[in-house]
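Participant: Going line by line, the protein sequences match chains L and P.
By my numbering, the letter at position 63 of the first sequence is numbered 63, and the numbering carries on one by one without gaps.
By my numbering, the letter at position 211 of the second sequence is numbered 211, and the numbering carries on one by one without gaps.
Quick reminder that beta carbons are idealized off the backbone N, C-alpha and C, glycines included.
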Amino acid sequence: MAMVRRSEFLPWLPPIGRKTLFALVVAFICFAFAFPVLWLILTSLRPESGVYYVHRGTEFTLLSFAEVLSDERIVAAFLNSALISTLATVFSLLVTVSSGYMLSRFTGPASRIWFGTIYVFRCVPYISWVLPLYFVTQSWGIYDTYTGLLLPHVAVHICFFSWLMKGFFDGIDPSMEYAAMIDGCTRWGAFIRVAVPSALPAISALAVLCWLFTWNEFLFALILTGNRVPMITVVMAQFVTEMGLRWNLMAATAVMALVPAFLIALFGQKYVIRGLRI
Amino acid sequence: MSASRRPMFGEQQRFVLLLIAPAALLLLLFQVVPIVIGANASFRDWALYNPKKTWIGFDHYVAVITDPAFLYVVLPNTFLFMVLSVAGALVAGLMLALLLNRPFRGQKLVQTILLVPLMVAPVIAAIMIRWIFNDQFGIVNVVLEAIGLEGQPWLVQRWSAFGIILLTDIWLWTPWFTLLLLAGLQSLPKEPFEAAAIDGTTTWRVFRFLTLPMLRPVIVVCVVIRAIDAFRTFDIVWTLTGGGPGRSTELFSLYAYVHAFLNLDLGRGSAAAIVGGLIILVIGVVLYRLVDRIAKA
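See below:
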């Protein structure tokens, strides 16, 4: 694409003006994109009196963070969210890599039926199955437990990630697997030792996305948990209704919830872009 | 690759079934079973305070379909939201992907900043936006008043609240489009673009006649996936307005949730969820046909 440079971006401007304008436009876009997050961070650093009157002083404090961190329920919610996200990522990958591989490598009725099933369930709105899932998990005795939150989360990811995984495996030449099988590998050996390693960039991309989706998920956490397994998104939403106007505490919690996601995405973006490109 | 794929033989059957067995089992337990139970519930008078679960046939469906709130507020809101959210995020995402696809100084930094919303949980986004548009202390009104304009009660008027929900959603999902479209752009062959550059074709014509047609499969897949997701949006609306003012920004997921968990009428909520599920299923199948045709063309 570097070749197409001659005529682009306001050719009537002199080069220097063009460059400045371009930089300004990019800077403005970046600012607009980052503004809500910047404002949130700023709010979390203001003392309670400063939060409501932006023009009153430039005092900053870490008190909101201290107060949030001393709240056991919020800390527990953080740990829970991290644990569930990590476990859900591991289990989702275990389940969807093999199912995507099957969709990509085999044709025939089983594969077609499975693909149709996945597509249909991808369309079903979450509310249509979490709503009764609330009663199902209660009657199975797993409501408000780790199992009762983890397994539905893995189930959410099955359709989308199997589909993505199929796409990734479609882009990988299967001849290596056949070669391995001729050399005496079993089918499982060819899958685990040849196909999975060559799909590793895609699998890393999927892991990043999966972790972020679970960490950010709200509806499942809202409906499937009570008090024993608090999730951070639910705790934050409760802030809005229960704690009234304590915006600095809410902002501090939100900022802390952003940090792990930010780190994962920052280190993962390379994998995501590379993985999605296959 | 499809030529080297083999049809399924008898000896392979076990391998194939084992590959999908865990996924299929989870799907069965946590989606199929609940949906069947939900379908059963939708035909019964099943409320938390009334555990008799008498069979009442299609009464709940009739009640949902003839509910003016559902017909004239919830459905139009949901479709309007779906169309505008997808269109907005697609246009913004495409523009940003094109921007990031050309090298310039600081490109890595810009790319990282533009991906920020991807990491923000919808609930957090909703909280931030709610705070920014707060009618007393929000920065938007403070700035407006500082430059002599009148602050607005943004979230308690129907269309401004709807607009803000939409804006939040577009902000949240634009990076997702950017990411997929950027990946698509970077995998395009270089030669046509070099040829166009030698011919001195304008940027707009390159975009219109080269980039856009070649990106079409990626665009269509993005649109289908996002449209289906937009239909079931819950978290940002729930946190931003709770469906208010009144019920004027209620979307379909909220309608089902409110009936089941706030009005404690599980039968009615299930019926609403199934009506919505059927609608989106039809849309999904139609869209899938479209993708298939475009991918083959």
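From the DSSP secondary-structure annotation, give me the bridge partner or partners of residue 45 of chain P.
Facilitator: Stepping through the second sequence from its first residue, residue 45 of chain P is reached at position 45. Residue 45 of chain P pairs with P/54.
Participant: Tell me residue 265 of chain P's beta-bridge partners as DSSP assigns them.
Facilitator: As a working mapping, residue 265 of chain P is identified with position 265 in the second sequence. Paired residues: P/47.
Participant: Helix, strand or coil for residue 310 of chain P, going by three-state DSSP, please let me know.
Facilitator: Within the shown structure, residues of chain P are numbered from 1 to 297, placing residue 310 of chain P beyond reach of any answer.
Participant: Tell me which residue opens and which closes the alpha helix (DSSP H) that residue 30 of chain L is part of.
Facilitator: Your numbering for residue 30 of chain L matches position 30 in the first sequence. Per DSSP, residue 30 of chain L belongs to the alpha helix (DSSP H) from 15-45.
Participant: If you pair each beta-carbon of the region 156-171 of chain L with each one of the region 94-103 of chain L, do three or more pairs fall below 8 Å?
Facilitator: Yes, they touch.
Participant: Is the beta carbon of residue 64 of chain L closer than 7 Å to that of residue 81 of chain L?
Facilitator: Numbered from its first residue, the first sequence carries residue 81 of chain L at position 81. Numbered from its first residue, the first sequence carries residue 64 of chain L at position 64. For residue 81 of chain L and residue 64 of chain L, no; Cβs fall outside 7 Å.
Participant: Just checking my contact of residue 146 of chain L with residue 229 of chain L at CB under 8 Å: how many whole Å lie between their CB atoms?
Facilitator: Position 146 of the first sequence, counted from the first residue, corresponds to residue 146 of chain L. Position 229 of the first sequence, counted from the first residue, corresponds to residue 229 of chain L. About 6 Å separates the two Cβ atoms, so the contact holds.
Participant: Can you look up residue 77 of chain P in the DSSP assignment and give me helix, strand or coil?
Facilitator: Position 77 of the second sequence, counted from the first residue, corresponds to residue 77 of chain P. Helix.
Participant: Could you tell me which chain L residues have their CB closer than 7 Å to the CB of residue 135 of chain P, listed as they occur along the chain?
Facilitator: Taking the first residue of the second sequence as position 1, residue 135 of chain P is located at position 135. Here the premise fails: no neighbours, minimum Cβ distance about 12 Å.
Participant: Using 8 Å as the threshold, is the region 70-78 of chain P in touch with the region 250-265 of chain P, meaning 3 or more CB pairs across them?
Facilitator: As far as the Cβ criterion goes, the region 70-78 of chain P touches the region 250-265 of chain P, which means the pair count is three or higher.
Participant: Counting pairs of Cβ atoms below 8 Å between the region 232-249 of chain P and the region 202-214 of chain P, do you hit three or more?
Facilitator: At 8 Å Cβ cutoff, the stretches do not touch.
Participant: Spell out whether any CB of chain L is found under 7 Å from the CB atom of residue 235 of chain P.
Facilitator: In the second sequence, the residue the question calls residue 235 of chain P occupies position 235. Answer yes: the Cβ-Cβ gap between residue 235 of chain P and chain L drops below 7 Å somewhere.
Participant: Give me the Cα-Cα distance between residue 260 of chain P and residue 174 of chain P, rounded to the nearest whole angstrom.
Facilitator: By one-based count along the second sequence, residue 260 of chain P stands at place 260. By one-based count along the second sequence, residue 174 of chain P stands at place 174. Distance between the alpha carbons of residue 260 of chain P and residue 174 of chain P: 32 Å.
Participant: Among the residues of its own chain, which have a CB less than 7 Å from the CB of residue 274 of chain P, if the five just before and after it don't count?
Facilitator: As a working note, residue 274 of chain P is residue 274 in the second sequence. Closer than 7 Å at the Cβ level, and outside the excluded window around residue 274 of chain P, lie 38, 39, 42.
Participant: So which residues of chain P does residue 269 of chain L contact, with C-beta pairs closer than 9 Å?
Facilitator: For the purposes of this step, residue 269 of chain L is taken as residue 269 along the first sequence, with counting starting at 1. Correct list: 111, 112, 115, 118, 179.
Participant: From what residue to what residue does the alpha helix (DSSP H) around residue 238 of chain P run?
Facilitator: What you label residue 238 of chain P is simply residue 238 of the second sequence in a count that begins at 1. Taken as a continuous stretch (DSSP letters only), the alpha helix (DSSP H) holding residue 238 of chain P covers 235-240.
Participant: With 16 other CB atoms within 10 Å as the buried threshold, where does residue 19 of chain P fall?
Facilitator: Here residue 19 of chain P refers to the residue found at position 19 when the second sequence is read from its first residue. With 16 or more Cβ atoms within 10 Å of its Cβ, residue 19 of chain P is classed as buried.
Participant: Residue 85 of chain L by DSSP, collapsed to three states: which one?
Facilitator: Against the first sequence, residue 85 of chain L aligns to sequence position 85. In the structure shown, residue 85 of chain L sits in a helix (DSSP, three-state: H, G or I).
Participant: Ignore the nearest five residues each way along the sequence and tell me which others in residue 16 of chain L's own chain have a CB closer than 8 Å to its CB.
Facilitator: Here residue 16 of chain L corresponds to residue number 16 of the first sequence, with the count starting at 1. Result list for residue 16 of chain L: empty, nothing under 8 Å.
Participant: Within 7 Å (strictly less), CB to CB, does residue 78 of chain P reach chain L?
Facilitator: Reading the second sequence from its first residue, position 78 is the one you call residue 78 of chain P. No, its Cβ sits nowhere closer than 7 Å to a Cβ of chain L.
Participant: Rounded to the nearest angstrom, how far is the Cβ of residue 248 of chain L from that of residue 48 of chain L, given a contact under 8 Å?
Facilitator: By one-based count along the first sequence, residue 248 of chain L stands at place 248. By one-based count along the first sequence, residue 48 of chain L stands at place 48. Residue 248 of chain L to residue 48 of chain L, Cβ: 5 Å. Contact.
Participant: Report the rounded CA-to-CA distance for residue 274 of chain L versus residue 130 of chain L, giving the unit in angstroms.
Facilitator: Here residue 274 of chain L refers to the residue found at position 274 when the first sequence is read from its first residue. Here residue 130 of chain L refers to the residue found at position 130 when the first sequence is read from its first residue. Distance between the alpha carbons of residue 274 of chain L and residue 130 of chain L: 34 Å.
Participant: Going by alpha carbons, who is nearest to residue 77 of chain L out of L/221, L/138, L/270?
Facilitator: As a working note, residue 77 of chain L is residue 77 in the first sequence. Of L/221, L/138, L/270, the residue nearest in Cα terms is L/221.
Participant: Using DSSP with H/G/I as helix, E/B as strand and the rest coil, what is residue 198 of chain L?
Facilitator: For the purposes of this step, residue 198 of chain L is identified with residue 198 of the first sequence, where counting begins at 1. The answer is helix: DSSP assigns residue 198 of chain L an H, G or I state.
Participant: Any C-beta of chain P sitting closer than 7 Å to the C-beta of residue 97 of chain L?
Facilitator: The residue labelled residue 97 of chain L in the question sits at position 97 within the first sequence. No - not a single Cβ of chain P is within 7 Å of the one on residue 97 of chain L.
Participant: Anyone know if the C-beta pair for residue 230 of chain P and residue 86 of chain P falls short of 7 Å?
Facilitator: Counting from 1 along the second sequence, the entry for residue 230 of chain P is found at position 230. Counting from 1 along the second sequence, the entry for residue 86 of chain P is found at position 86. Taking 7 Å as the Cβ cut-off, residue 230 of chain P and residue 86 of chain P qualify as a contacting pair.
Participant: Indicate whether residue 253 of chain L and residue 153 of chain L have their beta-carbon atoms separated by less than 7 Å.
Facilitator: Position 253 of the first sequence, counting from 1, holds the residue named residue 253 of chain L. Position 153 of the first sequence, counting from 1, holds the residue named residue 153 of chain L. Taking 7 Å as the Cβ cut-off, residue 253 of chain L and residue 153 of chain L do not qualify as a contacting pair.
Participant: Taking DSSP as the reference, what is the three-state secondary structure of residue 191 of chain P?
Facilitator: Numbered from 1 along the second sequence, position 191 holds the residue referred to as residue 191 of chain P. Helix at residue 191 of chain P.
Participant: When you check each C-beta in the region 80-91 of chain L against every C-beta of chain P, which residues fall closer than 8 Å?
Facilitator: Those would be none; no residue qualifies.
Participant: Should residue 77 of chain L be flagged as near chain P, meaning a C-beta pair shorter than 7 Å?
Facilitator: Here residue 77 of chain L corresponds to residue number 77 of the first sequence, with the count starting at 1. No, residue 77 of chain L lies away from the interface with chain P (no Cβ there is under 7 Å from its Cβ).
Participant: What three-state label does DSSP hand residue 159 of chain L in the structure shown?
Facilitator: Counted from its first residue, the first sequence places residue 159 of chain L at position 159. Helix at residue 159 of chain L.
Participant: Using 8 Å as the threshold, is the region 174-185 of chain P in touch with the region 93-113 of chain P, meaning 3 or more CB pairs across them?
Facilitator: A contact exists between the region 174-185 of chain P and the region 93-113 of chain P.
Participant: Is the beta carbon of residue 126 of chain P closer than 7 Å to that of residue 172 of chain P?
Facilitator: Taking the first residue of the second sequence as position 1, residue 172 of chain P is located at position 172. Taking the first residue of the second sequence as position 1, residue 126 of chain P is located at position 126. It is not a contact, given that the beta carbons lie outside the stated cut-off.
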